[in-house]
Amino acid sequence: MSSATELRNELAAAAPTLWSELTARAEFWIAPVLKRLSRELKGYPKTFNDPVWGDIILLPWETLLLDSPLLQRLRGVRQLGMAHLVYPGAVHDRLEHCRGVVEAAERMIRSLERNAEFRRHFGEDKDEHVPPVSDHDRRSIRLAALLHDIGHGAFSHATEQLIQTRLADEFQAAEELLRSAFAGVTSIAPGEVVAALIIMSEPLRQVFENPNLGVTNKPAELPLSISARILSSRAYLDAGYLSGVISGPLDADKLDYMARDSHHAGLPIGLDLRRLISKLEVVTVTPTVTSNPEMRARAEASPHQRYHEIGISLSGLGSYEQMIVGRAILYDRLYYHHKVRSAEAMVRRLIQVSEEERESLFSVRELFFDYPDDTVVLVLGGLLLDDSLKGGGRRSRALASRIHNREIHYRAFAFAPRFIAGLSGLPDEDKSDARALLWKGPLTDLSTISGSDSLAKAIFARSAALLQKLEGLSKSHVELQPEDIVVDLPLNKVAIRGGDILTRTEDGYVATPNLFFDPEKWSQAYEHQKQCGFVFTPREFVPAVALASRIVFFERYQLVMDSSADRASKTERGINPAWFQQAVEHGLCSRDCATAYQSETVRMVPLRFDDLSEAIPGDLKREDPGLVKRLYEAFLDAIPSGMAPSIHRVVLEALRHMLSFLQMVAREGQFVGLATLDEATLQAELRKHLMAREAKVVEGTKEAGGETDLVLSQLLVIENKVIREPTVSPLTVGERFSWQARRYATALATRIAFEMVAYKPKDETAILALTDAVGITTVSHERTPFAVVRFVTPWGQPVPSRAKVP
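Numbering (this note's numbering), first residue to last: 25 to 830.
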């Protein structure tokens, strides 16, 4: 383990901008605390009245930090961001939540202590090795509960996402250092990275190591212990089973925010806090009580061949299930409510527009505003002036006024996998594959702020052009601005994994809970039935943006959404079908797009550039950087409408296998120096290679009155041919080969086939490089495009030592 000093130095070197700016903010926030610590800290614990927990008691050093700007600034940061615009009671702040997490953590610790004591005295296995909760553990956990949200800026998650995007390299470096410093840490949220950096900073070190604070007899370890708790690490604990109290599958953070958010929003979810906490217990894991190999190995390597984890008794599983169901309800009805998402996206755009108009990015220090959220909106919009924070201009004022007056953008377009049109004609087994392949593009783009902004800009450009050329789209006298369009896709965070916590069965076996339902299935059900992205815009621009969104989604992703999407966005009567034809006439929409929205046709899946790149070996891409682009364009030319979903994945797998075969033949030289080569030998070598790579290949199936060479995954024909006459153009000779492949492939109802052709080079110059040894063509005279992918490998050439100058 690194010492606190070593970790500080490493963080400062790896993330200099992030470290220096957060240290400067921490220095300002913590100055009053250091001033008070110039004398001995005195006083009794203080009691706070709370709507969720009743009485909350904070210790003197906790109250000292609570009354500092470090935490008081959270009084103006709403726990639910902009949700109060939809649920008026949801105005509670993160400071209220932080106090609640302290109380939840304390009750969890007491419950674990009580049940551990019961285990020592009354359990069948009287485990005397259960470690007690030390003062250092308890106090560091309580401090972690109090400080766990100090990494949040204004509007909760909006600001730290912007910081992460702009300082991506530093964020990644800081994450890697934190993961290596704290055992057991996996993923880290942006707010947790910021919180850990603040806690590890020099100003906080001065507080924790001040002799007048009096928290623990290990003050130098305190920043490490607090950070470890926030990051869900097992490090720096005397009682390791407490590692999940602040961050885990059933933690104090979730218990408080679920109870508090549902209370203030007026959404009862049936969360039984008292019973849930009372049923927590310390689970002892030994090699004999688990079948999980990782748990068994860890137990065997632990002192006394046992370790301890937080768990829940069988009688508490009902309450645990209630928590999982309640969390899904909160995400669906509260956190992912479309108006809430629209307002929060508008706030993110306000920050960006303010930066454009003031012609400089906000620094990390500026993004951690010390004003309440409502005030920040007005300052960013220039509606309030502040000497220390310059806002934007005219566009920012307009957007800030909309947010302040609750003129939230409306839905203009809805998109989700279940809305994808044109799949009804596919076999049932193909529909899910088609949805997954077609959905991959928007899902990849919209998982980042930059991707969402890029799509919004494309829709804005098309909307502006449509408004200029088409009559009847808008009666507004206000000009459409880029910030008037936002695109949002909430990621699926609905259900927690139910198997992340342990329980003891009645016979003493340790396992994950056997819940009444599978939380993973609940999450999948949300994704399939409820998850939905939207394009938002002011009401007066809905028709234009609705039309532009449909066009852009078709052009960018080859996606058409069905009438269910129109109902989800409430635009089913807002689109005039004639607009598509008018857009075509003005060059603002392709005829294919207009046709797709006027008829239900079976959807083919276009090949994605990224998917093709993954299928090509890295050394070939390094040798020829233009290879992927060249093959991608050749595929588009050969079959522009794409392939059936069932064949799509098979083609990519086959491409990877065939290129691997070419590399193997070139490396091992099976066909060098041969006087003759027949098709059976070529086919046998290829089949052997495919089977070694565990490809599903069969040989000699009867199709179209003949016998195929090889068929991959029962769908893709691979014909094997040998060109016996010397040639300099192996990719183009032998047109009949392609027609033969077409006949077999047509019998399998596919529109693509592969060929492996061994050619005899005319001389040394006719031996193609591996990156030139694949070509894609279309069989001529085809009403429906049919593609043939040909791979060529030389045979009969002399060994390299006998090569002659041409």
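The C-beta atom is built at its ideal place from N, Cα and C for all residues, glycine as well.
Beta-bridge pairing of residue i - partner residues as DSSP gives them
i: GLY557; result: PHE439
i: ILE81; result: THR71
i: ARG102; result: ASP117
i: LEU526; result: GLY335
i: VAL584; result: In the DSSP output, where bridge partners are listed per residue, VAL584 has none listed.
i: SER839; result: With the chain covering only 25 through 830, there is no way to say anything about residue 839.
i: ASP512; result: PHE558
i: THR802; result: ALA811
i: VAL306; result: ILE334
i: TYR281; result: Beta-bridge pairing links TYR281 to no other residue.
i: ALA832; result: Given a span of 25 to 830 for the chain in the structure shown, any question on residue 832 remains unanswerable.
Cβ-based neighbour list, residue i, same chain, cut-off 7 Å, excluding 5 preceding and 5 following
i: PRO630; result: GLN582, GLY666
i: PRO75; result: HIS287
i: GLN821; result: VAL696, PRO785, ILE791
i: THR310; result: ALA323, GLN329, ARG330
i: LEU35; result: TRP43, ALA198, LEU201, LEU221, MET224
i: GLY729; result: Bear in mind that a pLDDT of 41 at GLY729, under 50, signals an unreliable position, so the model cannot answer this.
i: ALA620; result: PHE578, VAL584
i: GLY416; result: VAL377, SER378, GLU381, ARG382, LEU404, GLY405, GLY406
Whole-number beta carbon distance between residue j and residue i, since they are thought to touch under 8 Å
i: PRO93; j: TRP53; result: 4 Å
i: GLU721; j: LEU714; result: For the record, residue 721 in the displayed sequence is Val; it is not Glu. Confirmed, Cβ separation roughly 4 Å.
i: ILE671; j: LEU739; result: 5 Å
i: ALA797; j: VAL816; result: 5 Å
i: ARG258; j: ALA192; result: About 28 Å; that fails the 8 Å criterion.
i: HIS108; j: ARG99; result: Wrong, their Cβ atoms sit about 15 Å apart, outside the cutoff.
i: ILE640; j: ILE776; result: 17 Å between Cβ atoms; not a contact.
i: VAL125; j: ALA169; result: 4 Å
i: PHE778; j: VAL813; result: 5 Å
i: LEU304; j: ILE334; result: 6 Å
i: ARG49; j: VAL307; result: 41 Å between Cβ atoms; not a contact.
i: LEU470; j: LEU513; result: 4 Å
Residues near residue i in its chain [Cβ-Cβ closer than 6 Å; skip 5 each side]
i: GLU637; result: Note that residue 637 is Ser in the sequence shown, not Glu. Once the five neighbours on either side are set aside, the close Cβ partners of SER637 are VAL652.
i: ALA773; result: Bear in mind that the predicted position of ALA773 carries a pLDDT of just 43, short of 50, making it too unreliable to give a figure here.
i: GLU806; result: Residue placement at GLU806 is poorly supported in this model, since its pLDDT is 48, which falls under 50; the coordinates still yield a value, given next. So no residue of the chain qualifies.
i: ASN33; result: none
Residue span of the alpha helix (DSSP H) that contains residue i, given as start and end
i: ARG563; result: Element bounds for ARG563: n/a, residue is neither H nor E.
i: LEU61; result: Taken as a continuous stretch (DSSP letters only), LEU61 belongs to no alpha helix (DSSP H), as it is neither H nor E.
i: LYS834; result: Past the boundaries of the shown model lies residue 834; the chain is included only from 25 to 830, so the question cannot be answered.
i: ASP193; result: 192-205
i: VAL652; result: 651-662
i: LYS745; result: Element bounds for LYS745: not the alpha helix (DSSP H) but the beta strand (DSSP E), 740-751.
i: ILE473; result: 473-493
i: TYR344; result: 341-354
i: THR399; result: 397-404
i: LEU734; result: Run containing LEU734: none in the alpha helix (DSSP H); it sits in the beta strand (DSSP E), 734-736.
i: GLU709; result: 703-716
For residue i, the nearest candidate out of the options (CA to CA)
i: PHE810; options: VAL696, LEU660, SER425, SER448; result: LEU660
i: SER249; options: GLU390, LEU171, PRO754, SER135; result: LEU171
i: GLU718; options: HIS681, ALA708, LYS70, PHE695; result: HIS681
i: GLN605; options: GLY642, GLY335, GLN707, LYS493; result: LYS493
i: PRO466; options: ARG163, ARG430, PHE577; result: PHE577
i: PRO396; options: GLY105, TRP819, VAL752, GLY693; result: GLY105
i: ARG418; options: GLU381, LEU734, ALA480; result: GLU381
i: ASP159; options: ASN241, ALA782, VAL803, VAL559; result: ASN241
i: VAL13; options: GLU45, ARG574, ARG60; result: In the structure as shown, the chain begins at 25 and stops at 830. Residue 13 is therefore absent and cannot be evaluated.
i: LEU755; options: ARG421, THR87, ALA424, VAL781; result: VAL781
i: ASN236; options: LYS66, ASN73, LYS278, GLY290; result: LYS66
i: GLN687; options: ALA793, SER614, LEU698, ALA704; result: ALA793
i: GLY238; options: ILE473, SER593, TRP85; result: TRP85
i: GLU579; options: LEU612, GLN555, ALA678, GLY557; result: LEU612
i: PHE195; options: PRO214, ALA182, GLY113, GLY177; result: PRO214
i: PHE437; options: LEU413, PHE565, ALA716; result: PHE565
Cutoff 8 Å; reference residue i; Cβ partners in own chain excluding five residues on either side
i: ALA28; result: MET224, ARG229, ALA244, GLU245, PRO247, LEU248
i: LYS645; result: SER637, LEU651, VAL652
i: LEU31; result: LEU201, ALA205, MET224, LEU248
i: ALA37; result: none
i: SER62; result: ASN236
Boundaries of the beta strand (DSSP E) in which residue i is found, first to last residue
i: PRO818; result: 811-818
i: PRO785; result: 776-785
i: GLU226; result: Segment 226-232 is the alpha helix (DSSP H) holding GLU226; no beta strand (DSSP E) there.
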